[in-house]
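Visitor:
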């Protein structure tokens with residue numbers, strides 16, 4: 001019967017492994033080209049193919065903006081009639097993907113079985129009754145994936161020109177694949193699972209890639225490898241699991257590569273450069289995306305924004321449950337072609353240190369004409385229900 | 394005996410901002426009330442929102458301990474709303490089906506329960522069963538689906 005200290009020891013080990021792979025995933029060091037090439041060569045060898053020609057570029061954008069190169073990297077279509085009959089004749093990217101998918105399927109199955117065993121040990125659950133398997137996933141998988149895949153990869157992909165994204169074909173993410181490698185390693189190193197010895201070497205190879213390179217694209221005899229970012233700024237993600245990070249930087253791009261490709265991100269929200277370097281009311285009015293608009297407004301401050309923006313008032317009503325305060329609805333001036341937007345100006349129920357009550361604004365659907373109905377909508381209620389609010393603190 | 398903010402902060406070990414009035418009794422109500430971006434909806438009075446909101450068939454309940462349960466944490470500053478009650482008098486479940494997606498959970502209390510927040514202070518909840526929802530923002534496209542969620 002496992003003791004509480006053995007359980008917390010294993011959890012601690014898993015978390016240490018997580019941190020190690022998170023660190024690799026966030027690396028801004030120059031790519032270890034020798035290791036990366038050796039690993040990819042060995043992976044090609046497993047497919048029965050010779051060493052490819054390697055081309056290193058400074059960033060994912062550099063890899064994809066070259067039209068000829070994109071054609072080369074795009075795997076052939078595997079549509080029914082035109083797909084090669086034998087798997088060995090498939091394009092390199094497809095075969096690599098297939099090999100990796102099989103590997104991960106086997107590793108996942110081992111973890112699944114181990115989790116069931118751990119789950120059955122009720123003594124390993126925590127005070128709230130959460131199973132050990134679940135605790136491990138929360139401690140390892142969520143922060144790794146939430147940071148590397150959701151917070152970092154997603155905005156980078158979104159920044160690549162749209163057409164190119166479709167033509168990307170199969171991208172491997174190098175250091176940003178550390179999120180799934182780290183998970184397999186955490187389970188193994190915490191002594192909770194043993195993988196098939198035949199899978200040890202492939203897992204090691206993918207791990208070595210995660211420690212040595214940025215994104216990469218395998219072609220038939222040609223491999224494009226991107227370097228790692230030179231700039232990377234993160235902060236803890238309060239909405240995420242413990243240990244999870246998100247991109248954030250107030251005075252420059254939060255992530256950037258040697259050739260200038262990168263993104264500005266404020267508290268996890270990717271924004272155009274102007275929001276960080278020079279937010280103005282005019283730029284805000286022109287911006288169609290509401291998340292970006294709101295981040296920009298928060299950057300200059302709601303007070304400054306309300307002062308300068310010429311908002312058209314729609315209606316005002318007493319705020320239910322908030323004596324003396326009013327709810328005010330305004331039309332937001334938006335760029336031609338952008339969807340109409342309205343904001344509801346409300347007042348905090350509780351006072352600030354100076355005794356005054358802070359006002360704040362909420363974006364509400366433009367089709368709601370009554371301030372109380374708008375406030376009600378923000379909580380999923382009808383105006384009649386919300387009007388019954390007895391108290392607001 | 395009515396509790397004050399000072400009583401609550403002492404019991405839970407949680408703190409609130411200095412400028413809040415600590416010695417006055419925290420008002421208690423069984424009616425609809427809001428604390429910042431959280432709203433507490435009495436289930437019976439509102440007919441479980443006209444039958445739209447439901448507990449899962451085998452919903453699991455957690456007993457609220459003396460140190461309280463954090464219901465929601467704010468995005469930028471990390472300020473949580475904490476549910477506090479005398480041990481054994483209040484239970485909380487997150488296993489509720491709410492079509493708006495705003496439902497955080499349901500609390501059911503046989504004694505007075507409190508919501509504590511560093512900026513908003515304390516809110517007293519009379520014995521009963523309540524749905525706690527968070528707030529959202531959004532535009533017309535979001536109507537009928539979830540809009541962005543708010544954390545103050």
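Residue numbers (the numbering used here), protein chains in the order written: chain V, 1 to 393; chain G, 394 to 545.
We put the CB at the ideal spot given by N, CA and C, even for glycine.
1. Alpha carbon to alpha carbon, what distance is there between residue 532 (chain G) and residue 287 (chain V)?
2. Please classify residue 308 (chain V): is it buried, with 16 or more other beta-carbons within 10 angstroms of its beta-carbon, or exposed?
3. Does residue 306 (chain V) come within less than 8 angstroms of chain G when only Cβ atoms are used?
4. Are the beta-carbon atoms belonging to residue 143 (chain V) and residue 9 (chain V) less than 8 angstroms from one another?
5. Taking the continuous alpha helix (DSSP H) assigned at residue 282 (chain V), which residues delimit it?
6. Using the Cβ count rule (16 or more neighbours within 10 Å means buried), how would you classify residue 527 (chain G)?
7. When the cut-off is 8 angstroms and only beta carbons count, does residue 532 (chain G) lie next to chain V?
8. Interface residues of chain V around residue 432 (chain G) at Cβ under 7 angstroms?
9. Short check: CB of residue 17 (chain V) to CB of residue 237 (chain V), under 8 angstroms?
10. Distance, Cα to Cα, residue 248 (chain V) vs residue 147 (chain V)?
11. Mind pulling the chain V residues with CB within less than 7 angstroms of residue 512 (chain G)?
12. Could you have a look at residue 507 (chain G) and say whether DSSP puts it in helix, strand or coil?
13. CB-CB under 7 angstroms to residue 24 (chain V), same chain, minus the five flanking residues each way: which ones, in chain order?
14. Would you check if the distance between the CB atom of residue 396 (chain G) and the CB atom of residue 418 (chain G) is smaller than 8 angstroms?
15. Around the C-beta of residue 277 (chain V), are 16 or more other C-beta atoms found within 10 angstroms, so that it is buried, or is it exposed?
16. According to DSSP, residue 360 (chain V) sits in a beta bridge with which residue or residues?
17. CA-CA distance, residue 289 (chain V) and residue 63 (chain V)?
18. Verify the CB distance criterion: does residue 345 (chain V) have a CB-CB separation below 8 angstroms to chain G?
19. Counting C-beta neighbours from all protein chains within 10 Å, is the total for residue 217 (chain V) 16 or more, i.e. buried, or is it exposed?
20. Report the three-state DSSP secondary structure of residue 176 (chain V) (helix, strand or coil).
21. Tell me which residues share the same chain as residue 365 (chain V) and place their Cβ nearer than 8 angstroms to its Cβ, disregarding the 5 neighbours each side in the sequence.
22. What runs of the beta strand (DSSP E), each 3 residues or longer, lie entirely inside the segment 203-246 of chain V?
23. From V:283, V:95, V:138, V:347, pick the residue whose C-alpha is nearest to that of residue 394 (chain V); which is it?
24. Counting C-beta neighbours from all protein chains within 10 Å, is the total for residue 280 (chain V) 16 or more, i.e. buried, or is it exposed?
25. Use the C-beta contact count for residue 371 (chain V): other C-beta atoms within 10 angstroms, 16 or more gives buried, fewer gives exposed.
26. State the start and end residues of the unbroken alpha helix (DSSP H) segment that holds residue 310 (chain V).
27. So, under 8 angstroms CB-CB, residue 516 (chain G) and residue 426 (chain G) are touching, yes? Tell me the CB distance rounded to an integer number of Å.
28. Using a Cβ-Cβ cut-off of 8 angstroms, state whether residue 478 (chain G) counts as contacting chain V.
29. Alpha carbon to alpha carbon, how far is residue 540 (chain G) from residue 492 (chain G)?
30. Does the segment 346-361 of chain V come close enough to the segment 379-386 of chain V to have 3 or more Cβ pairs within less than 8 angstroms?
31. Using the Cβ count rule (16 or more neighbours within 10 Å means buried), how would you classify residue 254 (chain V)?
32. Starting from the C-beta of residue 518 (chain G), find all residues in its chain whose C-beta is less than 8 angstroms away, skip the five residues before and the five after it, and write them out in chain order.
33. Mind reading off the beta-carbon distance from residue 193 (chain V) to residue 21 (chain V)? Whole number of angstroms is fine, and I expect it under 8 angstroms.
34. Using a Cβ cut-off of 7 angstroms, pull out every chain V residue sitting near residue 495 (chain G), in sequence order please.
35. If you draw a straight line from the alpha carbon of residue 271 (chain V) to that of residue 264 (chain V), how long is it in whole angstroms?
36. Expressed to the nearest angstrom, what Euclidean distance is found between the alpha-carbon atoms of residue 537 (chain G) and residue 331 (chain V)?
Guide: Per the coordinate set shown:
1. C-alpha separation (whole angstroms): 15 angstroms.
2. Label assigned to residue 308 (chain V): exposed.
3. Residue-level contact check: residue 306 (chain V) does not touch chain G, since none of the beta carbons of chain G fall below 8 angstroms from its beta carbon.
4. At least 8 angstroms separates the beta-carbon of residue 143 (chain V) from that of residue 9 (chain V).
5. Counting along the chain, residue 282 (chain V) sits inside the alpha helix (DSSP H) bounded by residues 281-286.
6. With 16 or more other CB atoms across the displayed protein chains lying within 10 angstroms of its CB, residue 527 (chain G) is buried.
7. Residue 532 (chain G) counts as touching chain V.
8. The contacting residues are 379.
9. With contacts defined by Cβ atoms closer than 8 angstroms, residue 17 (chain V) and residue 237 (chain V) do not form a contacting pair.
10. If I take the Cα positions, the gap works out to 12 angstroms.
11. Within 7 angstroms Cβ-Cβ: 350.
12. In the three-state reduction of the DSSP assignment, residue 507 (chain G) falls in the strand class, which pools E and B.
13. Scanning its chain for C-beta atoms nearer than 7 angstroms, with the 5 sequence neighbours on each side dropped, one finds around residue 24 (chain V) the residues 175, 178, 210, 211, in chain order.
14. Yes.
15. It counts as exposed.
16. Note: residue 360 (chain V) sits in a beta bridge opposite V:346.
17. Their backbone Cα atoms lie some 28 angstroms apart in a straight line.
18. Using a Cβ-Cβ cut-off of 8 angstroms, residue 345 (chain V) does not count as an interface residue toward chain G, since no Cβ of chain G sits closer than that to its own.
19. So residue 217 (chain V) ends up on the buried side.
20. Secondary structure at residue 176 (chain V): helix, using DSSP grouped into helix, strand and coil.
21. For residue 365 (chain V), where only same-chain residues beyond five positions count, the Cβ hits under 8 angstroms are 342, 374, 377.
22. Listed in chain order, the complete beta strand (DSSP E) runs (minimum 3 residues) inside the segment 203-246 of chain V are 216-218, 222-226, 234-236.
23. Past the edges of chain V, shown from 1 to 393, lies residue 394 (chain V), and the structure says nothing about it.
24. So residue 280 (chain V) counts as exposed.
25. With 16 or more other Cβ atoms inside 10 Å of its own Cβ, residue 371 (chain V) counts as buried.
26. Careful: residue 310 (chain V) lies outside any alpha helix (DSSP H) and carries neither H nor E.
27. Correct: roughly 6 angstroms between the Cβ atoms.
28. Nearest CB-CB separation between residue 478 (chain G) and chain V: not below the 8 angstroms threshold.
29. Here the model assigns residue 540 (chain G) a pLDDT of 44, short of 50, so the residue's position is not dependable and the matter cannot be decided.
30. Contact between the segment 346-361 of chain V and the segment 379-386 of chain V is absent: fewer than 3 CB-CB pairs across the two stretches fall below 8 angstroms.
31. If you draw a 10 Å sphere on the C-beta of residue 254 (chain V), you find 16 or more other C-beta atoms in it, and that means buried.
32. Sequence-distant Cβ neighbours of residue 518 (chain G) in its own chain, meaning closer than 8 angstroms and more than five residues away, are 421, 422, 423, 426, 433, 500, 502, 505, 506, 507, 508.
33. Between residue 21 (chain V) and residue 193 (chain V) the Cβ distance is about 16 angstroms, and since that is not below 8 angstroms, they are no contact.
34. Among the residues of chain V, those whose CB is under 7 angstroms from the CB of residue 495 (chain G) are 379, 380, following chain order.
35. The straight-line gap from Cα to Cα measures roughly 6 angstroms.
36. Confidence is the limiting factor: at residue 537 (chain G) the pLDDT is only 49, short of 50, which leaves the residue's position unreliable, though a coordinate-based value still follows. Residue 331 (chain V) has its alpha-carbon roughly 21 angstroms from the corresponding atom of residue 537 (chain G).
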